[in-house]
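Per UniProt numbering, the very first residue in the sequence shown carries number 1; after that it's consecutive. In this text, a Cβ means the ideal position worked out from N, Cα and C, and glycines have one as well. Here the structure comes first, spelled out in structure tokens, and everything after it is commentary.
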Amino acid sequence: MPAELPGYYFDVAKNRYFKIQPNHIAPSGSKYSRQAVRTEKVIKKAQRRDELQHQSKLASTVTRSRLLQHPLLTFDRRLGHLRKSAGSLVAEYYAAGLERKVVVRNPITVGGCTLTTTPQYRRSLRSGSFCIEEPSGILFGDCRSWRMDGRQDCTDIHAFYPRSPYEMGELLDGRDSLDWPTPLSHDTTILYSHKKVESIGRANGIRDILSIGSGLVVWSEDGFNPQHPEVTMVKVGACSVGPFAHRHGLVHQTSFAEDIRDLAVQPGDYTVALASERGLYLMDLFHASYPLTKYPLGTNELVKATFKDRNIVMGGTRSGKMLLCDIRAAPPSAKGGRTTATRLQHTDLITGLAALPNGNQILISGLKSMKIYDLRFAPQPSLMCHLPRSNSFKASPAVLDFNIPLAPQYRHSWKGFAYDPELNIVLRVSSDSGGEHNCAALWSASTGRLLQSPLSRERFHFPIDDTAIARVRDGPKSIFISTGNMISEWTLQGRGSEGDQE
């Protein structure tokens, strides 16, 4: 073991010491710059901490006495086959069997469906943000449309309708098809048809898209004045099918003099929560006037919001505070009032929130950590400082800490988190600042361990823009990932054609 000399770095590969140099003097990519040495120490310290925590958990776990077990029943354990719950086995099987399929390929040719017809115009995904409506399977996304002659160029929110099983059968066997012959560039494995696309409304500078159900969709975008970037536009549109078909073509827009950070829909209702840095807005979409109700939260750092249930809204802040707001109570009439208080304190900035099915546990994802807290046993966060103006709280105790590797350079994504309560799995996206390690992984919410999957081994060439877990057909749910202006589906089911996928 080489000795540690102050101010020097020992390179094991070259078996020699190097003097630690400032970042602007050291060669590019060297291991003995100050930043590289500091990063290596942080990574090693985090690895030692995770290993010690894992060993301490194993040492403190009470095991069943071997005297109470039958020798024949424990023979599988002697072979290394550990007992697992049925839910864990299903989650592992689901993750291991995922395959990649193309959902929407760019560019999307519209108007020409045969070899003899000239395409009129094309569409291409613009921001990569999307959402999927269950159970209809409609995909909403912003697309740039342009004519082939170059005389028209605009960006709209489009609704992509999935192909029906009858249409897929026609495309596979080529019989009774109205558009025969099929063009050579046509791919029968693509889930959404290029013919079943309709425009919802004009969009510019999309930030977030949210499906409400019954054909309703809400999206937030940048304001018209570039000198005031804090101004946000929230628009509501509807499809031409469903109970709100009479609103198709009538886009309602509301301007906010503050930045809208996140959108969330109330379970089983047509109410949307708009999270801004100053508070929470509730928009009722059932009424055509779209009334608004504001709930001040007493903070100016709110970044995430989601519904715990029909009556409780959870909010996440930059400092890691998790807030609870009961929307059954009327908002305060006095100026400066608040309707919520800090309930949990996470270790870093909150990028994802989810309530587990039991209603008592909360899953919180941050930049460098992901934990599960139990509201029944977590005490109210206490201040770290006794000063009255102190706003720093001690971290709340967690019941499960996910084994997340520490990334030295992390590029956070506000849409790189999704939780599925059926399989009890978590989809988490990680990227470095250089974009060389853009990846997505599945984690078990029961054990906190990484699930072995082809998705975890995939390395994307572009940063991941948006993710979703949704069921678009009978059977298990699918994982959708948007990267490089192309949406891919990771699923267990085939689509009739087992050719090579992109």
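In the three-state reduction of the DSSP assignment, D259 falls in the coil class. Annotation: D374 to L292 spans about 32 Å, alpha carbon to alpha carbon. Under the three-state reduction of DSSP output, Y419 falls in the strand class. L323 has G315, T342 as its beta-bridge partners, per DSSP. Per the Cβ contact rule, the segment 235-242 is not in contact with the segment 257-267 (fewer than 3 Cβ pairs under 8 Å). Here A95 is buried, its C-beta having at least 16 other C-beta atoms within 10 Å.
Counting the other Cβ atoms within 10 Å of the Cβ of L285 gives 16 or more, which makes it buried. In terms of Cβ geometry, V103 and I479 do not form a close pair [threshold 8 Å]. Rounded to the nearest whole angstrom, the CA to CA distance from K477 to G87 is 15 Å.
Setting aside the 5 residues that flank it on each side, H346 is surrounded in the same chain by G320, I364, G366, each with a C-beta closer than 6 Å to its C-beta; the list follows chain order. Taking the CA atoms as reference points, I157 sits about 24 Å from P267. In the three-state DSSP reduction, R207 falls in the strand class (E or B). With contacts defined by Cβ atoms closer than 8 Å, F244 and L210 do not form a contacting pair.
In the displayed model, S88 falls within a helix according to three-state DSSP.
Under the three-state reduction of DSSP, T347 is assigned to coil, being neither helix nor strand. The bridge partners DSSP lists for R247 come to none. When C-alpha distances from A395 are compared across P405, C154, G97, P381, the shortest belongs to P381.
The DSSP-derived three-state label of L58 is helix. Nearest to A305 by alpha-carbon distance, out of E277, E198, Q53, A330, is E277. Closest option to R16, judged by alpha-carbon separation, among S333, Y32, S392, H24: Y32. The beta carbons of T483 and I464 sit about 5 Å from each other, so the pair counts as a contact at 8 Å. Taking a contact as a CB-CB distance under 8 Å, the pair S124 and D142 does not count as one, their CB atoms being some 10 Å apart.
Between V251 and G201, the C-beta gap is smaller than 8 Å, which places the two residues in contact. Judged by DSSP secondary structure, P162 falls within the beta strand (DSSP E) whose first and last residues are 153-162.
Taking the CA atoms as reference points, D262 sits about 12 Å from I350. Take the alpha-carbon of P331 and the one of D420: they are about 32 Å apart. Leaving aside the five residues that flank P22 on each side, the residues in its chain whose CB is nearer than 8 Å to its CB run, in chain order, S33, R34. With fewer than 16 other CB atoms across the displayed protein chains lying within 10 angstroms of its CB, H54 is exposed. In the structure shown, the three-state DSSP call for K44 is helix. In this structure, G416 lies near V429, with their beta-carbon atoms less than 8 Å apart. Between A59 and I425, the C-beta spacing is not below 8 Å.
Per DSSP, the beta-bridge partners of R100 are W490. Our two residues, E221 and D466, have alpha carbons roughly 16 Å apart in a direct line.
Residue pairing by DSSP places C143 opposite L125, D156 in a beta bridge.
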